[in-house]
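Trainee: Pasting in a structure now, in structure tokens, and then I'll have a few things to ask.
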Amino acid sequence: MASSSTFSSWTFYGSTLAPKTTKHCSKFIYSCLNSCFNQTISSISSYASHDMTSPNGKGVDWAWGGLSLKSRAQCGALEVGIESSYSVGNKFQLEDVIEAQQFDRDALGAIFEVALEMEKIEKNSTGSQMLKGYLMATLFYEPSTRTRLSFESAMKRLGGEVLTTENAREFSSAAKGETLEDTIRTVEGYSDIIVMRHFESGAARRAAATASIPIINAGDGPGQHPTQALLDVYTIEREIGKLDGIKVGLVGDLAYGRTVRSLAYLLAKYEDVKIYFVSPDVVKMKDDIKDYLTSKGVEWEESADLMEVASKCDVVYQTRIQRERFGERVDLYEEARGKYIVDCDVLRVMQKHAVVMHPLPRLDEITVDVDADPRAAYFRQAKNGLYIRMALLKLLLLGW
Amino acid sequence: MASSSTFSSWTFYGSTLAPKTTKHCSKFIYSCLNSCFNQTISSISSYASHDMTSPNGKGVDWAWGGLSLKSRAQCGALEVGIESSYSVGNKFQLEDVIEAQQFDRDALGAIFEVALEMEKIEKNSTGSQMLKGYLMATLFYEPSTRTRLSFESAMKRLGGEVLTTENAREFSSAAKGETLEDTIRTVEGYSDIIVMRHFESGAARRAAATASIPIINAGDGPGQHPTQALLDVYTIEREIGKLDGIKVGLVGDLAYGRTVRSLAYLLAKYEDVKIYFVSPDVVKMKDDIKDYLTSKGVEWEESADLMEVASKCDVVYQTRIQRERFGERVDLYEEARGKYIVDCDVLRVMQKHAVVMHPLPRLDEITVDVDADPRAAYFRQAKNGLYIRMALLKLLLLGW
Amino acid sequence: MASSSTFSSWTFYGSTLAPKTTKHCSKFIYSCLNSCFNQTISSISSYASHDMTSPNGKGVDWAWGGLSLKSRAQCGALEVGIESSYSVGNKFQLEDVIEAQQFDRDALGAIFEVALEMEKIEKNSTGSQMLKGYLMATLFYEPSTRTRLSFESAMKRLGGEVLTTENAREFSSAAKGETLEDTIRTVEGYSDIIVMRHFESGAARRAAATASIPIINAGDGPGQHPTQALLDVYTIEREIGKLDGIKVGLVGDLAYGRTVRSLAYLLAKYEDVKIYFVSPDVVKMKDDIKDYLTSKGVEWEESADLMEVASKCDVVYQTRIQRERFGERVDLYEEARGKYIVDCDVLRVMQKHAVVMHPLPRLDEITVDVDADPRAAYFRQAKNGLYIRMALLKLLLLGW
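Chains A, B and C, in that order, are what the protein sequence lines are. Quick note on numbering: numbering that gives the first Met the number 0 labels position 225 of the first sequence as 224, and the sequence is numbered without any gaps. Quick note on numbering: numbering that gives the first Met the number 0 labels position 223 of the second sequence as 222, and the sequence is numbered without any gaps. Quick note on numbering: numbering that gives the first Met the number 0 labels position 305 of the third sequence as 304, and the sequence is numbered without any gaps.
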């Protein structure tokens, strides 16, 4: 155990830290001191949380080296006794997680390293106490049990606590006409981080502009679902061992599935990637993504031959055809959904190292007999969501 | 760390304590012993919880000095090592929180002192473990996300745990016709304290008459919402620095808003208070409150001039006109809601030390540009709800 | 405190343990080591959880002595320092709790012993930390607030954490057509044990066949509700002091009530039991149970005279007539529900040691004035559900 002299030169310059960092960093330091010395310290800083909200909003800005070396060094010095591998010097400070585009490949790599640490923590112990004393609010304006449980599990695996509301739209003050901004200002008083799902595109960004605590976007309508995009890329790296030079077949609903759109976007950050689009005509990948890929020098092609694509790819990424997109045209839906099925025939032509992925839930676009094949990666993929979310919670609340 | 001799003269007279106190006090003492000596003690008392329910009910009685000095002194002696500031001698023992009227000004002052302690705890550490091992059940017969999250945050900030049900009316045995009393008798077996919201006036009192554990009323229909009333008065004291001699303008829906009615009631407990009522004709303050204020010697007047009232008051307490009260008469609602708006013009005439309060949620009865003014106190007010609820949980479960 | 040499000869043979045991046992051991030495051990085993799922399913098999002595002895050696009373040698390993029939009388007796330990833990301390670091998912496809709160309280009283979903049917991926098996494969990635309530008979068995973590059936449609059956038998033993030789009157809805059917089934495991059926004609006990009892040598008879039966029985087990079973025939329902009421007249003829039980919720089939009589055991019965569930969680996650 560290002797008290380790901490003797420690001082606290609250004003030199960015708003969101200050609160959590001071909380963390406090926790360290408490657990090491087991004594009560009455007060470190006494500013009220409402002083930390900039009236102009602060947007969604995170930055490499955005903090002065001085403040980072301080935090690092204390963290070193607890989690030495995270005090890695010049890392960026994550403030919010709003959209997949906010991450470049270095940021992705850094987050994946932490996710790998989280995997070890989750597998080999009864759970870390890293986030003990922190409260996460899951503010869901539309229900998504899977995503919510994944975030809540992540928080609890790290020793944190959770406040839950799954029907914020119907039940909360929102039903009485309260603005999202007012709701956020209230809920931030009860918690240290907000995980938010909303039915309107852009809601997460508005929340982040208001909040003085970190916001994670757990899906905002047709907009973004950045943690899904992160876990997809993480899964490819974990399963295939690399991201540069991979060949990925995106299959199914490419028009409406925000998952594949975000994934295409993120894959463009890597070198020598080749993407195949395999989809029924009614749900083809839209031009904006194709143009974007072309502009980034990513090779892509459309194909109607799933077998041929599957034989070439490292990853066959299947998606569900979403019935709700077809309205009255059940006939079109039925035609589309049966067209490209991943079954044992597809497995047979796939390479030994390749994998099948799927964001889940699946209906019958992957047949159940595929599950037993070690190349069926979709349940491991779902589990990776846990590690990515643990990593993000750690980074947003404690920093590096 | 305390030596074992500190505790050597300790003995336990369970039978000299009132039912609700006994259980929790013994639990607390047990916790202290455990955490200090880190050893297992098999059993202190072994009565079953069902023995503690008086068949005649016990009502909502709390009392100054209701416990013998002997039993209090005992608890105090043990608590002194943990939280010396709370072992303040002759304090009342809170058993339930049912209605605002149960508190006199001394009780309010004592609770506010604890709330201030809670504010320090919440701001300066990763959370207390004061209520570790305690379970709070939030039994909500109608949803109120804001109130529920505030209570659950309060419990978790003190290290306690929570059982939640937000749809007790629709989902629970109530739907099969079970009485509230039976539900309470079951839920008290699973928890140490029940926070209850109900759609019927008087439900909380019935629950308290049945339960052998503490009940907090988190709103019962058109009846009471005592923690809101407490946080309002606490906010005035925190913002203005005093309660005697203040001038308060109550604005908006004074007929149906239980918030302003409870607040008027509590303000009558202080000296030289002056109250102004500013409301559209259709939602004027009712005579019962006016008569009550007169009987208590509180000066009040009605006014149609918000600007003039705002210029004189320490507190402008704005409320939402509740659409649901107007039924089909949308025209009356629209007329009423636009009549008295707190905006920057109102701010301009307000005194420098004065504040704007609002129980939230707000629609447009306070314009958004007011938020940036330091006199906009409503989000701080919401946050004070957390401290008041932390204080009440602490007092109900651990005593002073 | 144990010296480190206690552990020096410890080794881990993961492959000799049954799948479900391995994970949790290693977790527990890890926890012990951590709490004793307060040091970080980076990794014991590193297999991924998806490796542990047998593609063929494993059914609902638990077995006396199903584990080799070697592996059990190992676990026992470590547990001995923590909870010596549980390392009782040759006990069966519980893998899932699916139906009442899976337990024989020795298993029941063993579980009841643990439940009694749990009663002591719950009454005399601020809660055990036995399950600290474990996560229970309550996956409820239909709401049952009472059962859910009971399980969640049980988990939290032992220091464990909970992930909750009360509307899995409406909200989750199930609404999009995901199979139960896929949902289970996802949720098992987020938790250590799943408590499941479902609207389809057999759902729990299917879940258990899929899951690599323990499943507890909290009711599956018209099928089973095994923890209710266990708590009923436990209550009889606690209240009457024995199970062999008892006389039990089953009253009310014997046709549709799964409670009384399961209870009849379990009582057949004991010696010299006599069962009386007292019910309106429209809801009489069905022949399958009668034939089963006869085949097991259990004496039973039907009676229309509640007073006479009550005077002879050790237990009068009253049940609610379920209105929903009568459809349009409100007249039949009204006739049935008023026929056999347990009131003070019934109490008067009952023996002094006898008790009244009821699975709750009750309407007016037991009058409220019965509650004050010490023989009214139904709220104690509800509380016993907590102890039974604590015991099962302990046994499924930590073993004996």
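Here a beta-carbon is modelled for each residue, glycine too, at the ideal position from N, C-alpha and C.
Starting from L385(C), find everything on chain B with Cβ-Cβ shorter than 9 Å and list it in chain order.
Mentor: Locating residue 385(C) in the third sequence gives position 386, where the first residue counts as 1. Simply G188, Y189.
Trainee: Which term fits M306(B), buried or exposed, when burial requires 16 or more other beta carbons within 10 angstroms of its beta carbon?
Mentor: Mapped onto the second sequence, residue 306(B) falls at position 307. By the 10 Å Cβ count, M306(B) comes out exposed.
Trainee: Just how far apart, CA to CA, sit L107(B) and L229(B)?
Mentor: In the second sequence, the residue the question calls residue 107(B) occupies position 108. In the second sequence, the residue the question calls residue 229(B) occupies position 230. Straight-line Cα distance between these residues: approximately 8 Å.
Trainee: So within the segment 260-324 of chain C, which uninterrupted alpha helix (DSSP H) runs reach at least 4 residues, ignoring any that extend past its ends?
Mentor: Entirely contained in the segment 260-324 of chain C, the alpha helix (DSSP H) runs reaching 4 residues are, in chain order, 286-294, 305-311.
Trainee: Let's test the definition: count the other Cβ atoms within 10 Å of the Cβ of S200(C) and tell me whether it reaches 16, buried, or not, exposed.
Mentor: The residue labelled residue 200(C) in the question sits at position 201 within the third sequence. The residue is exposed, with fewer than 16 neighbouring Cβ atoms inside 10 Å.
Trainee: Using a Cβ cut-off of 8 Å (strictly closer), state whether L362(C) contacts chain B.
Mentor: Here residue 362(C) refers to the residue found at position 363 when the third sequence is read from its first residue. Chain B, which has a Cβ nearer than 8 Å to the Cβ of L362(C), makes this yes.
Trainee: With distance defined between alpha-carbon atoms, name the residue in D181(B), T209(B), R260(B) nearest to V232(B).
Mentor: Here residue 232(B) corresponds to residue number 233 of the second sequence, with the count starting at 1. The shortest C-alpha separation from V232(B) is found at R260(B).
Trainee: Output needed in chain order: residues of the segment 138-152 of chain C with a Cβ under 7 Å from some Cβ in chain B.
Mentor: Those would be P142, T144, R145, L148, S149, E151, S152, in chain order.
Trainee: Chain C beta carbons: is any one of them nearer than 8 Å to that of G201(B)?
Mentor: Looking up residue 201(B) in the second sequence gives position 202. Answer no: the Cβ-Cβ gap between G201(B) and chain C never drops below 8 Å.
Trainee: Less than 8 Å between CB atoms is the rule here; does K289(C) satisfy it with respect to chain B?
Mentor: For this step, residue 289(C) is matched to residue 290 along the third sequence. Cβ-Cβ to chain B under 8 Å: no for K289(C).
Trainee: Given this structure, state the Cα-to-Cα distance separating G159(B) from G132(B), to the nearest angstrom.
Mentor: Here residue 159(B) is taken as the residue at index 160 of the second sequence, counted from 1. Here residue 132(B) is taken as the residue at index 133 of the second sequence, counted from 1. So the two alpha carbons sit approximately 6 Å from each other.
Trainee: Report yes or no: is there a C-beta of chain A within less than 8 Å of the C-beta of G126(B)?
Mentor: Numbered from 1 along the second sequence, position 127 holds the residue referred to as residue 126(B). Chain A contact via Cβ: present.
Trainee: Report the residues of the segment 196-229 of chain B with a CB closer than 7 Å to any CB of chain C, ordered along the chain.
Mentor: The segment 196-229 of chain B vs chain C, Cβ under 7 Å: nothing.
Trainee: Below 7 Å on C-beta distance, what does A263(B) contact in chain A?
Mentor: Translated into positions along the second sequence, residue 263(B) becomes position 264. The premise fails here: A263(B) is roughly 23 Å from chain A at the closest Cβ pair, so nothing lies under 7 Å.
Trainee: By alpha-carbon positions, which one of P358(B), V345(B), H224(B) ends up nearest to R319(B)?
Mentor: Against the second sequence, residue 319(B) aligns to sequence position 320. The shortest Cα separation from R319(B) among P358(B), V345(B), H224(B) belongs to P358(B).
Trainee: Does the CB of T393(C) have a neighbour CB from chain B at under 8 Å?
Mentor: For the purposes of this step, residue 393(C) is taken as the residue at position 394 of the third sequence. Per the sequence shown, residue 393(C) should be read as Lys rather than Thr. Closer than 8 Å: no.
Trainee: Assuming A206(B) and I183(B) form a contact by the criterion Cβ under 8 Å, report the distance between their Cβ atoms to the nearest whole angstrom.
Mentor: To locate residue 206(B), count along the second sequence from 1; it is residue 207. To locate residue 183(B), count along the second sequence from 1; it is residue 184. Confirmed, about 5 Å.
Trainee: Reducing DSSP to helix, strand and coil, say where R361(B) ends up.
Mentor: Counting from one through the second sequence, the residue named residue 361(B) turns up at place 362. The answer is coil: DSSP assigns R361(B) none of H, G, I, E or B.
Trainee: Whose Cβ in chain C lies nearer than 8 Å to the Cβ of G176(B)?
Mentor: As a position in the second sequence, residue 176(B) is number 177, starting the count at 1. Under the 8 Å cutoff, chain C gives P360, L362.
Trainee: Which class does M135(B) belong to by DSSP, given the choice of helix, strand or coil?
Mentor: Counting from 1 along the second sequence, the entry for residue 135(B) is found at position 136. The answer is strand: DSSP assigns M135(B) an E or B state.
Trainee: In chain B, which residues lie with their C-beta within 8 Å of the C-beta of L179(A)?
Mentor: Taking the first sequence and counting its residues from 1, one reaches residue 179(A) at position 180. Within chain B, no residue comes near L179(A); the closest Cβ sits about 11 Å away, beyond 8 Å.
Trainee: When DSSP labels each residue in this structure, what does T258(B) get in the three-state scheme?
Mentor: Within the second sequence, residue 258(B) is the residue found at index 259, counting from 1. Here T258(B) sits in helix by DSSP.
Trainee: Do you know how far the Cα of I215(B) is from the Cα of A153(A)?
Mentor: Residue 153(A) sits at position 154 when you count from the first residue of the first sequence. Residue 215(B) sits at position 216 when you count from the first residue of the second sequence. Whole-angstrom Cα-Cα distance: 32 Å.
Trainee: How many angstroms separate the CA atom of K175(A) from the CA atom of N166(A)?
Mentor: Position 176 of the first sequence, counted from the start, is the residue given in the question as residue 175(A). Position 167 of the first sequence, counted from the start, is the residue given in the question as residue 166(A). For K175(A) and N166(A), the distance between alpha carbons rounds to 14 Å.
Trainee: How is K338(B) classed by DSSP in three states: helix, strand or coil?
Mentor: Indexing the second sequence from 1 puts residue 338(B) at position 339. Residue state, collapsed to three classes: coil.
Trainee: Thinking just about the alpha-carbon of each residue, which of V314(A), Y264(A), S127(A), L362(A) is nearest to the one in V345(A)?
Mentor: The residue you call residue 345(A) lines up with position 346 of the first sequence. Comparing Cα-Cα distances from V345(A) to each of V314(A), Y264(A), S127(A), L362(A), the minimum goes to V314(A).
Trainee: Let me know if M163(A) comes out buried or exposed under the rule of 16 or more other beta-carbons within 10 Å of its beta-carbon.
Mentor: Numbered from 1 along the first sequence, position 164 holds the residue referred to as residue 163(A). Checking the displayed sequence, the identity of residue 163(A) turns out to be Thr instead of Met. Label assigned to T163(A): buried.
Trainee: According to the neighbour-count rule (16 or more other Cβ atoms, all chains shown, within 10 Å of its Cβ), is H352(A) buried or exposed?
Mentor: Reading the first sequence from its first residue, position 353 is the one you call residue 352(A). It counts as exposed.
Trainee: On the premise that E121(C) lies in contact with Y377(C), defined as a C-beta separation below 8 Å, what is that separation, rounded to the nearest angstrom?
Mentor: As a position in the third sequence, residue 377(C) is number 378, starting the count at 1. As a position in the third sequence, residue 121(C) is number 122, starting the count at 1. Rounded, the Cβ-Cβ distance is 19 Å, inconsistent with contact.
Trainee: Which of helix, strand or coil does DSSP assign to M117(B)?
Mentor: The residue you call residue 117(B) lines up with position 118 of the second sequence. M117(B) falls in the helix class under three-state DSSP.
Trainee: How about L134(B): is its C-beta nearer than 8 Å to some C-beta of chain C?
Mentor: Sequence index remark: in the second sequence, residue 134(B) carries index 135 (1-based). Yes, its Cβ sits closer than 8 Å to a Cβ of chain C.
Trainee: Counting only beta-carbon separations shorter than 8 Å, does K382(B) have a partner in chain A?
Mentor: Locating residue 382(B) in the second sequence gives position 383, counting from the first residue. It does: the Cβ of K382(B) has a partner Cβ on chain A nearer than 8 Å.
Trainee: Going by beta-carbon coordinates alone, are E187(A) and A217(A) separated by less than 8 Å?
Mentor: Taking the first sequence and counting its residues from 1, one reaches residue 187(A) at position 188. Taking the first sequence and counting its residues from 1, one reaches residue 217(A) at position 218. It is not a contact, given that the beta carbons lie outside the stated cut-off.
Trainee: Which word fits C312(A), buried or exposed, when buried means at least 16 other C-beta atoms lie within 10 angstroms of its C-beta?
Mentor: Mapped onto the first sequence, residue 312(A) falls at position 313. Label assigned to C312(A): buried.
Trainee: Here's the rule I'm using: 16 or more other beta-carbon atoms within 10 Å means buried, otherwise exposed. How should P142(A) be labelled?
Mentor: Your numbering for residue 142(A) matches position 143 in the first sequence. Buried.
Trainee: Does DSSP put M129(C) in a helix, a strand or coil?
Mentor: Within the third sequence, numbered from 1, the residue matching residue 129(C) stands at position 130. Reduced to three states, the DSSP call for M129(C) is coil.
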